[in-house]
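The numbering of the sequence shown is the numbering used here, which starts it at 51 and goes up by one.
All C-beta atoms, glycine included, are put in the ideal place defined by N, C-alpha and C.
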Amino acid sequence: MPVAIRVIPCLDVDAGRVVKGVNFMELRDAGDPVELGRTYDGQGADELTFLDVTASSAGRDTTYDVVRQTAEEVFIPLTVGGGVRSVDDVDRLLRAGADKVGINTGAIDRPSVIAEIADRFGAQVLVLSADVRREGGRFEVTTHGGRKGTGIDAVEWCVQAERLGAGEILLNSMDADGTKDGFDLELIRAVRSETALPLIASGGAGKVSDFVEAVDAGADAVLAASVFHFGELTIGDVKAALRAAGHPVR
Numbered sequence: 051m052p053v054a055i056r057v058i059p060c061l062d063v064d065a066g067r068v069v070k071g072v073n074f075m076e077l078r079d080a081g082d083p084v085e086l087g088r089t090y091d092g093q094g095a096d097e098l099t100f101l102d103v104t105a106s107s108a109g110r111d112t113t114y115d116v117v118r119q120t121a122e123e124v125f126i127p128l129t130v131g132g133g134v135r136s137v138d139d140v141d142r143l144l145r146a147g148a149d150k151v152g153i154n155t156g157a158i159d160r161p162s163v164i165a166e167i168a169d170r171f172g173a174q175v176l177v178l179s180a181d182v183r184r185e186g187g188r189f190e191v192t193t194h195g196g197r198k199g200t201g202i203d204a205v206e207w208c209v210q211a212e213r214l215g216a217g218e219i220l221l222n223s224m225d226a227d228g229t230k231d232g233f234d235l236e237l238i239r240a241v242r243s244e245t246a247l248p249l250i251a252s253g254g255a256g257k258v259s260d261f262v263e264a265v266d267a268g269a270d271a272v273l274a275a276s277v278f279h280f281g282e283l284t285i286g287d288v289k290a291a292l293r294a295a296g297h298p299v300r
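Encoded structure:
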């Protein structure tokens with residue numbers, strides 16, 4: 051049986067509030083994370099992703115209290131990222147209620163932390179969060195919430211993370227983020243061709259057909275924020291479109 055495609059709302063959180071911008075800039079308030087989490091759980095979301103978007107750039111820890119409050123209100127798997135640098139950070143997030151933990155900047159700074167986390171908690175806990183932009187004809191990984199380039203090829207980085215023990219990849223196109231012009235299908239195909247890890251497509255969703263195209267390109271899950279937060283689409287709308295296109299959903 052083919053694995054069901056997951057539909058995942060994303061809560062980008064800054065100072066305890068959900069925010070959303072375009073290309074990671076000009077963030078505007080989108081609501082309370084606890085309330086939104088409860089809403090998406092009720093709508094039939096398969097998972098929920100909570101990203102503290104300024105933790106790494108501000109050099110601080112994730113807001114554990116908000117994570118804990120959100121986890122208490124949702125009964126679907128919760129992935130939390132932002133400011134994760136060590137095994138101890140992952141341990142604290144799991145104790146706060148996270149089911150999986152996303153890491154980006156911390157892994158770029160010290161790739162061996164991927165293996166350390168996977169060895170301690172299992173690969174199924176670890177999501178490599180890759181914020182990717184087009185640069186000089188290739189895909190480059192960025193850090194600190196998209197604020198810093200690394201010069202690292204995104205496809206090669208995803209392959210390395212798989213070897214080190216990552217269990218899943220959250221692939222976010224910075225160029226498409228918040229534009230509602232569709233997912234970066236070329237990026238999805240490029241990573242899909244080189245890794246067998248479950249792939250979450252993120253960045254650019256604007257209409258239901260965008261989600262279908264992302265799955266056709268190789269995504270195992272589709273993630274979006276603003277179209278859900280501002281009521282333009284519902285989880286049900288996306289699942290109906292995927293089902294109509296022949297993709298299994300829960």
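Straight-line gap, residue i to residue j (C-alpha atoms, nearest Å)
i, j, result
"Trp207", "Val191", "8 Å"
"Asp270", "Pro52", "10 Å"
"Ile55", "His297", "7 Å"
"Asp96", "Arg300", "8 Å"
"Val277", "Pro248", "23 Å"
"Ala264", "Gly256", "12 Å"
"Leu176", "Ile164", "8 Å"
"Phe100", "Asp169", "23 Å"
"Ala240", "Val182", "12 Å"
"Ala148", "Leu128", "5 Å"
"Ala173", "Gly217", "4 Å"
"Ala157", "Lys289", "33 Å"
Coarse secondary structure for residue i, derived from DSSP in three states
i, result
"Val241", "helix"
"Ser136", "coil"
"Val84", "helix"
"Thr113", "coil"
"Thr229", "coil"
"Gly92", "helix"
"Arg67", "strand"
"Arg118", "helix"
"Asp11", "No answer is possible for residue 11: it lies beyond the span of the chain, which begins at 51 and ends at 300."
Rounded distance between the beta-carbons of residue j and residue i, thought under 8 Å
i, j, result
"Gly253", "Asp227", "4 Å"
"Val258", "Leu283", "7 Å"
"Asp221", "Ala180", "The question names Asp, but residue 221 in the sequence shown is Leu. Indeed they touch by this definition, with Cβ atoms about 6 Å apart."
Cβ-based burial, residue i [other Cβ within 10 Å; buried from 16]
i, result
"Asp64", "buried"
"Gly131", "buried"
"Ser302", "The requested residue 302 is not part of the displayed model; the chain covers only 51 to 300."
"Ala291", "buried"
"Asp115", "exposed"
"Ala246", "exposed"
"Ala294", "exposed"
"Phe233", "buried"
"Gly87", "buried"
Contact with chain B by residue i, beta-carbon distance below 9 Å
i, result
"Gly268", "Considering every chain present, this structure includes no chain B. It has just one protein chain."
Check: residue i C-beta below 8 Å from any heavy atom of the ligand SAM
i, result
"Arg67", "Among the components of this structure there are no ligands whatsoever, and the ligand SAM is therefore not found."
Which whole runs of the alpha helix (DSSP H) in the region 152-221 are 4 residues long or more, in chain order?
155-159, 162-171 and 204-214
Could you give the uninterrupted runs of the alpha helix (DSSP H) lying entirely in the region 236-298, keeping only those of 4 residues or more?
258-266, 276-279 and 285-294
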